[in-house]
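Just so you know, we're using the numbering used here here: the sequence shown kicks off at 959 and counts up by one. Backbone N, C-alpha and C define an ideal beta-carbon position, used for all residues, glycine too. These numbers were taken from a predicted model, which means no experiment stands behind them. Below: one structure, written as structure tokens.
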Amino acid sequence: MKICITSEGATLDSKIDPRFGRCRYFIILDEDTMAFQAIDNSNIQASGGAGIQSGQLMASHQVKAVLTGNVGPNAFQTLQSAGIEIFTGVTGTVRGALEKFKEGAFKKTQAPTVDSKQGMA
């Protein structure tokens, strides 16, 4: 299964970026093989719509789950509409988050965790 983990850097040992739509990198990885790619987030400086555009990007990469710190209402709606599961409150490193995910340590998020435009600060 393909998973996206929001990251401050381009490696598995990078820290989790707490923002979804405006994270620095999206680490998209296969949880079984650990093969991954780091995508530089071009939406980080968007004046609006970053959550929607980032959610659409995840859908285009056939991601099935997103692990992040927080998710706003527009990103939440876009991801949910695409059938992508969302897990928030994630901290630590990308590698650590993946291990916790495999252990079932995270609960699926049922609603946005921040207000709109929160990631701009």
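Between the CA atoms of residue j and residue i - distance to the nearest angstrom
| i | j | result |
| --- | --- | --- |
| G1007 | C962 | 19 Å |
| I1002 | F978 | 10 Å |
| S1000 | V1029 | 17 Å |
| A993 | L987 | 6 Å |
| S1018 | I985 | 14 Å |
| G1077 | T1046 | Since pLDDT at G1077 reaches only 49, below the 50 mark, its modelled position is unreliable, and no value is offered. |
| Q1068 | P976 | 17 Å |
| K921 | E989 | In this structure the chain extends from 959 to 1079, so residue 921 is not present and cannot be described. |
| T991 | T1071 | 31 Å |
| L1056 | S1005 | 31 Å |
| V1024 | Y983 | 13 Å |
| T1051 | P1031 | 25 Å |
| G967 | Q1038 | 26 Å |
| F1059 | R1053 | 10 Å |
| Q1020 | Q995 | 13 Å |
| A1040 | M1016 | 9 Å |
| S972 | D1073 | 26 Å |
For residue i: DSSP bridge partner residues
| i | result |
| --- | --- |
| F994 | L987 |
| I1042 | I1042 pairs with nothing; no bridge assigned. |
| A1023 | I961 and E1043 |
| I974 | S965 |
| T1049 | None; T1049 has no bridge partner. |
Whole-Å CB distance - residue i paired with residue j, under 8 Å assumed
| i | j | result |
| --- | --- | --- |
| K1065 | E1043 | Incorrect: roughly 10 Å between the Cβ atoms, too far for contact. |
| G1013 | A1033 | 5 Å |
| V1048 | I997 | About 18 Å; that fails the 8 Å criterion. |
| C981 | T964 | 4 Å |
| T1036 | I1010 | 5 Å |
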